[in-house]
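Enquirer: In terms of our numbering, the sequence shown has 300 at position 161, counting the first letter as 1, and numbering is strictly consecutive. A virtual CB, placed ideally from N, CA and C, is assigned to each residue, including glycine. The structure under discussion is supplied below as structure tokens; questions concerning it will follow.
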Amino acid sequence: MKKKTSSCTAMLVGKNATIDGSTIIARDEDAEDGVNPKTFKVFPAKDYTGEHYVSKYNGLTVDMEGQGCRFTATPNGVPDEGRWDEQGINEHNVAMSSTETEMTNARVLGHDPLVKDGVNEDSMLYLVLPFIKSAREGVQRLGHLIEKYGTGETNGIAFSDHDEVWYLETAGGHQWVAQRIPDDAYAIAPNIMCIEEIDFDDPDNYMYASGIREFVEKFHLNPNPGSFNFRNIFGTQDEADAYYNTPRSWYGQKLFTPSLKQDPTSQNIPFIQHAEKKIAVEDVEQFLSSHYNGTPYDPMGTYASGTPEEQRKFRSIALDRNQSSCILQIRNDVPAEYAAIQWINFGFYCYSPYVPFFTNINDTPANYQVATDDADPAKSAYWLHKLLEVIVEPRYHEFINEVNDFRDGCQSYGVGRVDAITAGAAGKQGAGLTDYLTAANKESAAHVTTATHQLMSSLIHQALLNSKFQFERGDNL
Numbered sequence: 140m141k142k143k144t145s146s147c148t149a150m151l152v153g154k155n156a157t158i159d160g161s162t163i164i165a166r167d168e169d170a171e172d173g174v175n176p177k178t179f180k181v182f183p184a185k186d187y188t189g190e191h192y193v194s195k196y197n198g199l200t201v202d203m204e205g206q207g208c209r210f211t212a213t214p215n216g217v218p219d220e221g222r223w224d225e226q227g228i229n230e231h232n233v234a235m236s237s238t239e240t241e242m243t244n245a246r247v248l249g250h251d252p253l254v255k256d257g258v259n260e261d262s263m264l265y266l267v268l269p270f271i272k273s274a275r276e277g278v279q280r281l282g283h284l285i286e287k288y289g290t291g292e293t294n295g296i297a298f299s300d301h302d303e304v305w306y307l308e309t310a311g312g313h314q315w316v317a318q319r320i321p322d323d324a325y326a327i328a329p330n331i332m333c334i335e336e337i338d339f340d341d342p343d344n345y346m347y348a349s350g351i352r353e354f355v356e357k358f359h360l361n362p363n364p365g366s367f368n369f370r371n372i373f374g375t376q377d378e379a380d381a382y383y384n385t386p387r388s389w390y391g392q393k394l395f396t397p398s399l400k401q402d403p404t405s406q407n408i409p410f411i412q413h414a415e416k417k418i419a420v421e422d423v424e425q426f427l428s429s430h431y432n433g434t435p436y437d438p439m440g441t442y443a444s445g446t447p448e449e450q451r452k453f454r455s456i457a458l459d460r461n462q463s464s465c466i467l468q469i470r471n472d473v474p475a476e477y478a479a480i481q482w483i484n485f486g487f488y489c490y491s492p493y494v495p496f497f498t499n500i501n502d503t504p505a506n507y508q509v510a511t512d513d514a515d516p517a518k519s520a521y522w523l524h525k526l527l528e529v530i531v532e533p534r535y536h537e538f539i540n541e542v543n544d545f546r547d548g549c550q551s552y553g554v555g556r557v558d559a560i561t562a563g564a565a566g567k568q569g570a571g572l573t574d575y576l577t578a579a580n581k582e583s584a585a586h587v588t589t590a591t592h593q594l595m596s597s598l599i600h601q602a603l604l605n606s607k608f609q610f611e612r613g614d615n616l
């Protein structure tokens with residue numbers, strides 16, 4: 140079993156904080172190395188009764204039961220180590236993103252160790268998303284599973300529906316809390332425990348493991364008994380966090396609440412924050428594909444003067460182990476049957492585009508269903524966009540303007556596609572609507588795939604024309 144490493148960056152936005160009244164949960168899925176082929180699939184509704192689920196990753200076994208609904212997901216293309224469904228939206232317009240890797244401090248782990256064969260990231264979405272009809276139900280179901288089976292990891296998990304956005308964090312083997320993101324707020328989650336004060340008398344906005352208060356009291360875990368700060372009690376606040384994690388929260392809040400003055404390495408950056416403007420999907424895209432743009436900490440060193448040490452100081456959001464980024468949007472200004480959109484970006488996020496996929500579908504585009512270890516850009520959308528990194532990175536400053544023009548064009552296309560598909564869906568119902576949205580997604584994917592091939596062709600030609608291994612007759616004269 141591969142060791143799981145800290146990766147991923149998440150953002151959550153309440154419905155009154157967005158420009159169009161949507162709820163949004165979004166996350167970059169990274170991996171411990173540069174390659175982890177990802178796909179986009181839809182799984183039909185089915186009766187799970189009698190299914191004996193066994194995780195290929197850690198051996199978790201669960202006897203499942205009940206009728207499950209249809210859901211989308213972005214599972215691993217190579218299933219040797221399990222499902223890793225990661226992010227999706229079900230037919231009830233409930234979205235789930237699992238997970239944001241976090242850490243529990245050593246003292247807590249001494250009293251409640253991680254469970255080797257517990258409910259881990261690879262299994263969470265499959266065990267939860269098919270069975271829930273609201274974000275709140277998602278929190279409750281996953282929390283029950285964590286208490287019953289334990290978990291072998293510390294994670295943050297996001298849920299949303301058309302009304303509510305929730306963030307659940309696990310700690311130790313069996314502890315967890317969840318907080319509703321206020322409707323007028325947003326939250327940034329790097330690989331660090333985020334939730335702060337828990338109000339045990341406010342069930343509308345907080346949920347938690349049944350015995351968590353007794354656990355903390357029994358083992359004298361609370362350094363400030365007058366409050367219950369989950370981050371301070373269960374989390375880590377070490378030097379690695381200050382350079383690997385908190386700068387990402389700092390940069391996100393710098394983008395959306397620019398009047399704030401905070402230190403990138405501060406261990407006290409708040410989880411819940413309020414933006415100084417309404418947030419659009421495009422803003423979330425910008426953050427999730429960023430690399431400290433416009434600051435001395437940009438490893439690309441484009442517009443701000445930073446020393447080599449500053450450019451390597453903090454863990455960037457866009458980096459070589461980017462795999463799949465999803466923005467899960469539930470709209471409130473259209474009928475529920477076509478309100479849910481899963482924006483997907485495969486590859487190195489600051490080079491590749493987000494593509495909008497409506498989720499009331501019965502199939503996904505063929506090249507989004509294939510991602511083997513064979514790096515074939517003709518068959519696989521994952522590999523097509525990952526190979527952009529190979530071409531662009533050695534000539535970043537030479538190519539980035541053309542790449543940005545490409546991404547801007549795809550972004551505008553995506554916005555227009557959402558408008559056009561929404562208009563075309565009006566009046567359609569049932570299987571007819573599902574077939575229409577399925578076909579529309581395939582058209583959207585085909586357009587972006589063609590545009591990406593055209594970009595790659597242009598960049599390859601330029602690279603070949605500028606090879607340093609050129610020599611003409613007379614060059615030595």
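Whole alpha helix (DSSP H) runs in the stretch 260 to 304 with 4 or more residues, listed along the chain?
Expert: 260 to 267 and 274 to 288
Enquirer: Please identify the residue among P386, R352 and P403 whose C-alpha is closest to the C-alpha of I372.
Expert: As a position in the sequence shown, residue 372 is number 233, starting the count at 1. Of P386, R352 and P403, the residue nearest in Cα terms is R352.
Enquirer: Less than 7 Å between the C-beta atoms of L268 and N215, yes or no?
Expert: What you label residue 268 is simply residue 129 of the sequence shown in a count that begins at 1. What you label residue 215 is simply residue 76 of the sequence shown in a count that begins at 1. Taking 7 Å as the Cβ cut-off, L268 and N215 do not qualify as a contacting pair.
Enquirer: Run through DSSP, which three-state label would W223 get?
Expert: As a first step, residue 223 must be located in the sequence shown, where it is residue number 84. W223: coil per DSSP, three-state reduction.
Enquirer: Please report the distance separating the alpha-carbon of R556 from that of A579.
Expert: As a first step, residue 556 must be located in the sequence shown, where it is residue number 417. As a first step, residue 579 must be located in the sequence shown, where it is residue number 440. Rounded to the nearest angstrom, the two C-alpha atoms are 9 Å apart.
Enquirer: What does DSSP give as the partner residues of R451 in its beta bridges?
Expert: Reading the sequence shown from its first residue, position 312 is the one you call residue 451. According to DSSP, which records beta bridges pairwise, R451 is partnered with nothing at all.
Enquirer: Let me know if L594 comes out buried or exposed under the rule of 16 or more other beta-carbons within 10 Å of its beta-carbon.
Expert: By one-based count along the sequence shown, residue 594 stands at place 455. Flag for L594 reads buried.
Enquirer: Which class does D343 belong to by DSSP, given the choice of helix, strand or coil?
Expert: Counted from its first residue, the sequence shown places residue 343 at position 204. DSSP places D343 in coil when its eight states are reduced to three.
Enquirer: What residues in its chain sit with their C-beta under 6 Å from that of A170, if we drop five residues either side in the sequence?
Expert: Numbered from 1 along the sequence shown, position 31 holds the residue referred to as residue 170. Cβ neighbours of A170 beyond the five flanking positions: R460 and Q462.
Enquirer: Against chain E, with Cβ distances strictly below 7 Å, would L458 count as a contact?
Expert: The chain labelled as chain E is not found in the depicted structure, where only one protein chain is given.
Enquirer: Just curious, the alpha helix (DSSP H) that M595 is in, first and last residue?
Expert: On the sequence shown, position 456 is the one that residue 595 refers to. Per DSSP, M595 belongs to the alpha helix (DSSP H) from G569 to L604.
Enquirer: Roughly how many whole angstroms lie between the Cα atoms of D186 and A479?
Expert: For this step, residue 186 is matched to residue 47 along the sequence shown. For this step, residue 479 is matched to residue 340 along the sequence shown. Looking at the two C-alpha atoms, the distance is approximately 24 Å.
Enquirer: In terms of alpha-carbon separation, which member of F298, P516, N330 and F426 lies closest to T243?
Expert: Here residue 243 refers to the residue found at position 104 when the sequence shown is read from its first residue. Considering only alpha carbons, the answer is N330.
Enquirer: According to DSSP, simplified to helix, strand and coil, what is H618?
Expert: Lying outside 140 to 616, the shown extent of the chain, residue 618 is not represented and no answer is given.
Enquirer: Quick one: is M140 buried, meaning 16 or more other Cβ sit within 10 Å of its Cβ, or exposed?
Expert: Residue numbering aside, residue 140 sits at position 1 when the sequence shown is read from its first letter. Confidence is the limiting factor: at M140 the pLDDT is only 45, short of 50, which leaves the residue's position unreliable and the question unanswerable from this model.
Enquirer: Please name the residue or residues paired with F182 in a DSSP beta bridge.
Expert: On the sequence shown, position 43 is the one that residue 182 refers to. The partner list for F182 (beta bridge, DSSP) reads F210.
Enquirer: For I560, which residues in the same chain have their Cβ closer than 6 Å to its Cβ, ignoring the five residues on either side in sequence?
Expert: As a working mapping, residue 560 is identified with position 421 in the sequence shown. Within the same chain, I560 has close Cβ partners A579.
Enquirer: Please classify S299: is it buried, with 16 or more other beta-carbons within 10 angstroms of its beta-carbon, or exposed?
Expert: Mapped onto the sequence shown, residue 299 falls at position 160. S299 is buried by the Cβ-count criterion.
Enquirer: Could you give the residue range of the alpha helix (DSSP H) that holds C549?
Expert: Looking up residue 549 in the sequence shown gives position 410. It spans Y535 to A564 - the alpha helix (DSSP H) in which C549 sits, taken as one unbroken run.
Enquirer: Spatial neighbours of F339 within its chain, please: CB distance less than 8 Å, with the 5 preceding and 5 following residues excluded, ordered by chain position.
Expert: Counting from 1 along the sequence shown, the entry for residue 339 is found at position 200. Excluding positions up to five away in sequence, the list reads Y345, Y347, R352 and F367.
Enquirer: What residue range does the beta strand (DSSP E) around N461 cover?
Expert: Here residue 461 corresponds to residue number 322 of the sequence shown, with the count starting at 1. Run containing N461: N461 to I469, per the beta strand (DSSP E) assignment.
Enquirer: For the candidate residues F395, D402, P409 and D422, whose alpha-carbon lies nearest to that of E415?
Expert: Reading the sequence shown from its first residue, position 276 is the one you call residue 415. For the residues F395, D402, P409 and D422, the minimum Cα distance to E415 belongs to F395.
Enquirer: For K393, count neighbouring C-beta atoms within 10 Å of its own C-beta (all shown protein chains included) and say buried if the count is 16 or more, exposed if not.
Expert: Locating residue 393 in the sequence shown gives position 254, where the first residue counts as 1. Label assigned to K393: buried.
Enquirer: Would you mind reading off the limits of the beta strand (DSSP E) that contains Y325?
Expert: Stepping through the sequence shown from its first residue, residue 325 is reached at position 186. That run of the beta strand (DSSP E) goes Y325 to A328.
Enquirer: In whole angstroms, what separates the C-alpha of S620 from that of N543?
Expert: Past the edges of the chain, shown from 140 to 616, lies residue 620, and the structure says nothing about it.
Enquirer: Looking at the unbroken alpha helix (DSSP H) that takes in Q318, where does it start and where does it end?
Expert: One-based indexing of the sequence shown puts residue 318 at position 179. Per DSSP, Q318 belongs to no alpha helix (DSSP H); it is in the beta strand (DSSP E), Q314 to R319.
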